[in-house]
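For reference, the structure is listed below as C-alpha cells.
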Amino acid sequence: MSLQRKVAIVTGGGQGIGKAIASSFLKEGLNVAIAEIDEDAGKETEAEFQHLGSIQFIHTDVSNEDSIKNLIGETVKKFGGIDVLVNNAAIANPKNPPITELSLEDWNKTISVNLTGVFLCTKHSVPYLRKNKGTVINIASTRALMSEDNTEAYSAAKGGILSLTHALAISLDSDIRVNCISPGWIEVSDWQKQAKRLQPELTEQDHQQHPAGRVGKPEDVASLAVYLASPEADFITGANFVVDGGMTRKMIYL
2 MSLQRKVAIV TGGGQGIGKA IASSFLKEGL NVAIAEIDED AGKETEAEFQ HLGSIQFIHT
62 DVSNEDSIKN LIGETVKKFG GIDVLVNNAA IANPKNPPIT ELSLEDWNKT ISVNLTGVFL
122 CTKHSVPYLR KNKGTVINIA STRALMSEDN TEAYSAAKGG ILSLTHALAI SLDSDIRVNC
182 ISPGWIEVSD WQKQAKRLQP ELTEQDHQQH PAGRVGKPED VASLAVYLAS PEADFITGAN
242 FVVDGGMTRK MIYL
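For what it's worth, my numbering labels the leading residue of the sequence shown as 2, then goes sequentially.
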C-alpha cells in the first residue's frame with residue numbers, strides 16, 4: 002500500500018489495540034514511534050517488535066502538553082518527520098460509579114486523556130503532517146453511539162472524538178485527512194503486557210451477540226488503520242468507521 006518508510010506515531014501503542022496497530026504498521030514498512038505512559042509495556046513492545054522494523058518507544062503522558070511536545074520532537078529527531086498520527090491512548094474508570102458519585106477529578110482525568118490528548122497530539126503534529134500531506138486516525142468507541150449505565154465520562158470523551166474528527170477534517174482541508182475508528186467489543190488479552198496477559202474467557206453467547214459470529218480482535222481495527230493510512234484512502238476524510246461485528250445494529254433483549 003505504498004507505506005514504506007512513512008513515519009507513524011501511535012499513542013497507547015504499548016498494549017491492546019494500539020500495539021496491534023503498531024505491529025501492522027511495522028509489517029507494512031512504516032517507522033513507528035509508540036507513545037506509551039506505561040514504561041514496562043512500552044519497553045516490552047519495543048523489544049518484541051524490533052525484528053519487524055524501525056520502532057522507538059517514547060514515554061508519553063498524552064494529558065500533559067509538554068510530554069506531547071517531547072513526543073513530537075523525539076519522533077522528528079529519530080525519523081525525520083511525521084506522516085501518520087494514531088490517537089489511540091485512553092483510560093476508563095474501572096469502578097463506573099453513578100454520576101452522583103463520579104468525582105470532578107475522575108471526570109476531568111478521563112476527558113483529559115481520552116479527548117484533550119487527541120486535541121493536543123493533533124495540534125502539535127499538524128505542522129509536520131501538513132508537510133507530508135499526512136493523515137490522522139482517531140480511535141473512538143461504539144460508546145460514542147450507545148451506552149451502558151454509569152459510563153458518562155468515557156462516553157462523553159469518545160463522543161467528543163467523533164465531533165473533533167469531522168471538525169478537524171474540515172479545518173485541515175485537503176492538507177491532512179482525518180478519520181475515526183469506533184471499535185466495539187475487542188478482546189485485547191493477548192495484546193497486553195506480560196504481567197497482564199491472560200487467556201481470554203469468552204462464552205458462545207458472547208460471540209453470538211455479534212452478527213459476525215465472534216468477538217472482535219485488535220487485528221480487526223489494525224487492518225482498517227493500515228488502509229486509512231494508505232494512499233488508497235486518499236478520498237476518505239471526516240468519516241467514522243464502526244468496527245464491531247455488527248453488534249450496534251443488533252437489538253438485544255436481556
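Virtual Cβ for every residue (Gly too), placed ideally from N, Cα, C.
>> If contacts are defined as beta-carbon pairs under 8 Å, then P201 and E188 qualify, I think. What distance do you get, rounded to the angstrom?
In response: 5 Å
> Would you call F26 buried or exposed, if buried means 16 or more other Cβ atoms sit within 10 Å of its Cβ?
Replying inline: buried
>> Suppose you measure from the CA of I92 to the CA of A240; what does that come to, to the nearest Å?
In response: 23 Å
> Which residues in the same chain have their Cβ closer than 7 Å to the Cβ of Q195, if we skip the five residues on either side of it in sequence?
Replying inline: Counting only residues of its own chain and dropping the five nearest sequence neighbours on each side, Q195 has a CB closer than 7 Å to the CB of E45.
> Do you know offhand how far I182's Cα is from I18's?
Replying inline: 11 Å
> According to the Cβ coordinates, are I177 and L165 closer than 9 Å?
Replying inline: Cβ distance not < 9 Å, so I177 and L165 don't count as in contact.
> Considering P219, what are the terminal residues of the alpha helix (DSSP H) in which it resides?
Replying inline: 219-230
>> As an exercise, report each continuous beta strand (DSSP E) stretch of at least 3 residues that is fully enclosed by the stretch 44-75, in chain order.
In response: Listed in chain order, they are 56-60.
> So what does DSSP say about S183, is it helix, strand or coil?
Replying inline: strand
> Using the rule of at least 16 other Cβ atoms within 10 Å of the residue's Cβ for burial, across every protein chain shown, is G74 buried or exposed?
Replying inline: exposed
>> Measuring straight from C-alpha to C-alpha, what distance separates N190 and S142?
In response: Correcting the residue identity first, residue 190 is Ser in this sequence and not Asn. Near 18 Å, if we compare the C-alpha coordinates of S142 and S190.
>> Within the continuous alpha helix (DSSP H) that includes I22, where are the two ends?
In response: 17-28
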